[in-house]
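Only one structure is covered here, and it is reproduced in the block below.
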Amino acid sequence: MKMNRLMGRCGILAACFLCSACAARPGIAANPDGGIAANPDGGIAASPDGPVRASAYGAFLAGRYASARDEPALAAQYYGQALRRDPGNPALAAAAYFAALQAGSPDALTLAAQVPDNALTALLRGNEAAMQGDFRAAAVQFQSLPSDDLVGLIKPLLLAWTADGRGDAQAAITALETAGGAQGFGQIDRLNAALIADAADDKAQAAKLYDGIDASQPDLRLAQIMASWDARNGHEDAAAQQFADLAAAHPALRFALPGLLAQMRQRVVSTPTQGMAEAYLTLAGSLQQPSQGFLKRIFLHFALRLRPDLSAARLLLASEQSQAAVAGGRAAAEPDPAKLRAALATLQPIPAGDPLYAPAALQRTALLAALGRQDAAVALLQSLIAAHPGDPALLATAGDLLRDADKYAAAIGYYDQAIAAAGSGQPGAWRLYFDRGMSEDALGDWAKAEPDLLEARRLGQNQPYVLNYLGYNWAKRGEHMAEAKQMLQQAVGLDPNDGAVLDSLGYVELRLGETRDALHLLTHAVELDPDNAEVNAHLGDAFWQAGLRLQAVYQWQRALAMQPSSNLHAELQQKLAQAAPPA
32 MKMNRLMGRC
42 GILAACFLCS
52 ACAARPGIAA
62 NPDGGIAANP
72 DGGIAASPDG
82 PVRASAYGAF
92 LAGRYASARD
102 EPALAAQYYG
112 QALRRDPGNP
122 ALAAAAYFAA
132 LQAGSPDALT
142 LAAQVPDNAL
152 TALLRGNEAA
162 MQGDFRAAAV
172 QFQSLPSDDL
182 VGLIKPLLLA
192 WTADGRGDAQ
202 AAITALETAG
212 GAQGFGQIDR
222 LNAALIADAA
232 DDKAQAAKLY
242 DGIDASQPDL
252 RLAQIMASWD
262 ARNGHEDAAA
272 QQFADLAAAH
282 PALRFALPGL
292 LAQMRQRVVS
302 TPTQGMAEAY
312 LTLAGSLQQP
322 SQGFLKRIFL
332 HFALRLRPDL
342 SAARLLLASE
352 QSQAAVAGGR
362 AAAEPDPAKL
372 RAALATLQPI
382 PAGDPLYAPA
392 ALQRTALLAA
402 LGRQDAAVAL
412 LQSLIAAHPG
422 DPALLATAGD
432 LLRDADKYAA
442 AIGYYDQAIA
452 AAGSGQPGAW
462 RLYFDRGMSE
472 DALGDWAKAE
482 PDLLEARRLG
492 QNQPYVLNYL
502 GYNWAKRGEH
512 MAEAKQMLQQ
522 AVGLDPNDGA
532 VLDSLGYVEL
542 RLGETRDALH
552 LLTHAVELDP
562 DNAEVNAHLG
572 DAFWQAGLRL
582 QAVYQWQRAL
592 AMQPSSNLHA
602 ELQQKLAQAA
612 PPA
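Here the sequence shown stands for residues 32 to 614, numbered as in our numbering.
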């Protein structure tokens with residue numbers, strides 16, 4: 032998908048914004064919803080004579096549909112309408128409540144009164160009490176949480192931060208040191224204890240606790256915490272090394288390095304509510320199963336409610352929303368625009384002075400492009416290029432955006448700059464030559480495209496996409512047919528389930544007169560890629576060459592119904608006209 036390709040060009044990975052101490056443990060919480068809400072939509076019976084009044088039924092069905100499409104904000108809106116028409120209905124109240132929580136809606140706090148006996152309600156009320164400075168009331172709510180499943184992991188952290196909020200930092204530290212580190216969370220308990228001691232200016236105890244942290248797998252949150260401690264205690268070189276190791280492990284964060292270095296003397300966590308926000312981010316980062324997305328988004332909204340400037344939570348939430356957009360789209364090339372806009376809105380508050388502004392802006396660029404707003408995407412990317420001149424990935428991403436908008440000449444200019452910045456002969460530059468070659472070919476300049484594609488083949492050590500593109504184009508031109516066939520056979524061996532590659536090999540066999548082999552390959556290609564107009568058209572060609580006229584006409588008509596390119600559309604119409612019986 033184009034959005035994933037644009038994100039991948041600069042190595043955007045949500046995981047690099049999380050603390051490695053918070054990394055997911057396999058098998059965490061066998062129950063995907065952590066025992067919190069067995070059925071997020073409230074388990075309402077979809078029957079007009081069931082528990083929903085007739086006047087509320089239309090809104091209820093709309094809410095169910097929105098929930099099924101993973102659109103919690105819309106689901107909350109419709110469930111809220113249904114609840115107003117059928118007030119006091121506990122099933123509707125639960126459905127509206129869980130949807131509001133997942134959408135981060137302030138309505139959740141009002142609806143919580145109708146869903147009192149729920150762990151999420153205890154978390155929500157505890158958070159609100161802490162934000163009001165009433166840490167005793169917050170502790171009462173958190174103490175009511177179960178000690179098993181997912182909330183059992185965060186319960187000790189939240190109780191510790193409420194103890195710190197009441198002025199008893201030592202009790203908080205002692206509790207975390209004796210918490211037991213359930214399901215591999217021992218390091219997380221220790222890290223939070225260190226943050227509490229640090230915030231309390233207990234340097235001796237903070238030093239002891241920080242020394243016990245395993246920082247061998249660097250990532251953003253852990254690097255920020257450890258670098259801040261080192262920098263504030265006279266070890267600037269060690270702090271800088273934390274970020275150097277971070278950038279080496281996660282190249283996407285190279286754009287954040289200047290800001291991270293400039294702010295490394297600032298505490299990452301200074302208040303109890305900020306500590307609670309980190310705890311929610313920690314737990315959200317541990318939820319990796321698709322079925323846990325419901326809770327993951329709720330915990331990220333909790334984190335942002337407690338600390339709106341927690342940019343790592345914004346990046347992770349936007350990543351979740353982007354993935355939902357792709358999963359909910361009507362086709363692989365058509366992600367759900369409402370979810371893309373939600374991801375954009377999540378990222379928008381990150382200010383230019385934030386160290387994570389550039390990674391967030393890259394994510395926004397991909398979202399804008401997926402929404403068809405190429406001009407805005409290119410403008411945002413150009414501002415990043417101005418701030419990070421000569422970065423090959425940024426330059427190449429600008430080329431990708433322009434190529435996707437069919438602005439091939441402008442794309443080539445950016446690919447030229449990216450190739451110059453990357454240096455000649457670099458193996459990783461194969462993609463740059465490949466993309467420039469495709470752009471040159473799109474402009475009809477095969478004399479320039481062919482050398483670039485050959486260089487991409489050399490540098491990429493026979494990437495299947497390059498072999499396919501070059502081999503197919505040679506076959507279309509009737510050039511180097513034996514080598515084209517050999518290249519495409521190699522590509523099929525590397526990626527035997529790619530319909531486009533099988534199609535290209537089948538096309539070569541057809542051009543070489545090997546009709547039987549071509550039919551076999553092209554039939555399988557259509558099975559793998561049934562909605563590809565060109566693949567279907569080639570199968571029609573094979574049927575025609577085999578003397579199967581009716582099948583050929585059917586396949587060409589099928590290809591014509593798939594909205595082919597203008598050139599292919601004209602070719603298909605001409606073939607169908609020639610195949611028509613004389614009047």
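Even glycine gets a Cβ: it sits at the ideal position worked out from N, Cα and C.
In this text, all values refer to a predicted model and were calculated from it rather than measured experimentally.
Report task. Pick helix, strand or coil for G316, following the three-state DSSP scheme. Result -> Correct three-state label for G316: helix.
Query raised in the report: Does DSSP put E558 in a helix, in a strand, or in coil?
Result: In the structure shown, E558 sits in a helix (DSSP, three-state: H, G or I).
Query raised in the report: Between N499 and M518, what straight-line distance do the alpha-carbon atoms span, to the nearest angstrom?
Result: Their backbone Cα atoms lie some 7 Å apart in a straight line.
Query - Which residues DSSP lists as bridging E540, in chain order - result: DSSP lists no partner for E540.
Query raised in the report: In terms of alpha-carbon separation, which member of L378, A391, G537 and P390 lies closest to N567?
Result: The shortest Cα separation from N567 among L378, A391, G537 and P390 belongs to G537.
Requested in this report: Could you tell me whether the Cβ atoms of L371 and L398 are closer together than 9 Å?
Outcome: Against a cut-off of 9 Å, the Cβ pair of L398 and L371 comes out as a contact.
Query raised in the report: Going by beta carbon distance, what residues of the same chain come within less than 8 Å of R298, once the five residues before and after it are set aside?
Result: Excluding its 5 nearest sequence neighbours in each direction, R298 has C-beta neighbours in its own chain below 8 Å: D229, A230, S259 and R263, listed in chain order.
Requested in this report: Out of P177, N504 and A373, point me to the one whose CA is closest to L347's CA.
Outcome: Checking every option, the nearest Cα to that of L347 belongs to A373.
**Report entry** Beta-carbon spacing of A453, P420 below 9 Å
**Finding:** With contacts defined as CB atoms closer than 9 Å, A453 and P420 fail to qualify as a contacting pair.
Query raised in the report: How far does the alpha helix (DSSP H) with E471 in it reach, from first residue to last?
Result: E471 -> alpha helix (DSSP H) spans W461 to A473.
Requested in this report: Within the same chain, show all residues whose beta-carbon is closer than 8 Å to that of A358, passing over the 5 residues directly before and after it, in chain order.
Outcome: Cβ neighbours of A358 beyond the five flanking positions: D101.
**Report entry** Any 3 or more C-beta pairs closer than 8 Å across the segment 181 to 188 and the segment 304 to 318
**Finding:** Under the 8 Å Cβ criterion, the segment 181 to 188 counts as touching the segment 304 to 318, having at least three qualifying pairs.
**Report entry** Start and end residues, alpha helix (DSSP H) containing D626
**Finding:** Given that the chain is displayed from residue 32 to residue 614, the structure contains no residue 626 and the question cannot be resolved.
Requested in this report: Would you tell me roughly how many angstroms separate the C-alpha atoms of D276 and P249, rounded to the nearest one?
Outcome: So the two alpha carbons sit approximately 7 Å from each other.
Query raised in the report: Who are the near neighbours of A130 in its chain, counting only those whose CB is closer than 6 Å to its CB and skipping five residues on each side?
Result: Cβ within range, chain order: P103, A106, A107 and Y110.
Report task. Give the DSSP-derived three-state secondary structure of P249 in the structure shown. Result -> DSSP places P249 in coil when its eight states are reduced to three.
Query raised in the report: Can you tell me where the alpha helix (DSSP H) with H600 in it begins and where it stops?
Result: That run of the alpha helix (DSSP H) goes S597 to A610.
Requested in this report: Please name the residue, chosen from D572, E565 and N223, that lies closest to E545 on a Cα-to-Cα basis.
Outcome: Ranked by Cα distance from E545, the options D572, E565 and N223 are led by D572.
Requested in this report: Could you tell me whether the Cβ atoms of L387 and S342 are closer together than 9 Å?
Outcome: For the 9 Å CB-CB criterion, L387 and S342 form a contact.
Query raised in the report: What's the gap between the Cα of P484 and the Cα of L463?
Result: Residue identity check: residue 484 is Leu in the sequence provided, not Pro. Distance between the alpha carbons of L484 and L463 is about 10 Å.
Report task. Take the Cβ of D340 as the centre, count every other Cβ of all protein chains shown within 10 Å, and call the residue buried at 16 or more, exposed below. Result -> Residue burial is scored here from C-beta neighbours: D340 has fewer than 16 other C-beta atoms within 10 angstroms and is therefore classed as exposed.
Query raised in the report: If you scan the segment 202 to 247 from start to end, which runs of the alpha helix (DSSP H) of 4 or more residues do you find wholly inside it?
Result: For the segment 202 to 247, whole alpha helix (DSSP H) runs of length 4 or above, ordered along the chain, are 217 to 230 and 234 to 242.
Query raised in the report: For Q352, is the classification buried or exposed, using 16 other Cβ atoms within 10 angstroms of its Cβ as the cut-off for buried?
Result: Buried, since its Cβ has 16 or more Cβ neighbours within 10 Å.
**Report entry** Own chain partners of D256 with C-beta closer than 6 Å, once the 5 adjacent residues on each side are dropped
**Finding:** In the sequence on display, residue 256 carries Ile and not Asp. The answer, listed in chain order, is V299.
Report task. For I443, name the three-state secondary structure that DSSP assigns. Result -> Annotated three-state conformation of I443 is helix, per DSSP.
**Report entry** Rounded separation between E471 and L570 - CA only
**Finding:** The straight-line gap from Cα to Cα measures roughly 28 Å.
Query - Endpoints, alpha helix (DSSP H) assigned at A504 - result: Correcting the residue type first, residue 504 is Asn in the shown sequence and not Ala. Segment P495 to R508, the alpha helix (DSSP H) holding N504.
Query raised in the report: Can you tell me where the alpha helix (DSSP H) with D268 in it begins and where it stops?
Result: In the DSSP assignment, D268 falls within the alpha helix (DSSP H) that extends over E267 to A280.
Query raised in the report: Taking the C-alpha atoms as reference points, what is the distance between Q236 and D268?
Result: Using only the alpha carbons, I get a separation of about 22 Å.
**Report entry** Selected residue, minimal CA-CA separation from D180, among A355, G444, L607 and L326
**Finding:** Ranking the options by Cα distance to D180, first place goes to L326.
Query raised in the report: Do you know whose CA, among R547, Q588, A144 and Q576, lies nearest A564's CA?
Result: Nearest C-alpha to A564: Q588.
Query raised in the report: Taking the alpha-carbon positions, what's the F216 to A246 distance?
Result: Within the model, the alpha-carbon separation for F216 versus A246 is close to 15 Å.
**Report entry** Cβ neighbour criterion (16 or more within 10 Å) applied to N504
**Finding:** Buried is the call here.
Query raised in the report: Can you tell me whether DSSP reads P118 as helix, strand or coil?
Result: P118 falls in the coil class under three-state DSSP.
Report task. Could you tell me which of S136, A531, H551 and A577 sits nearest to D562, measuring between CA atoms? Result -> Of the candidates S136, A531, H551 and A577, the one whose C-alpha sits nearest the C-alpha of D562 is A531.
Report task. Return the Cβ separation of D220 and A210 in integer angstroms, given the expectation that the two are a contact with Cβ distance under 8 Å. Result -> Separation of the CB atoms of D220 and A210 is rounded to 5 Å, and the pair is thereby assigned contact status at 8 Å.
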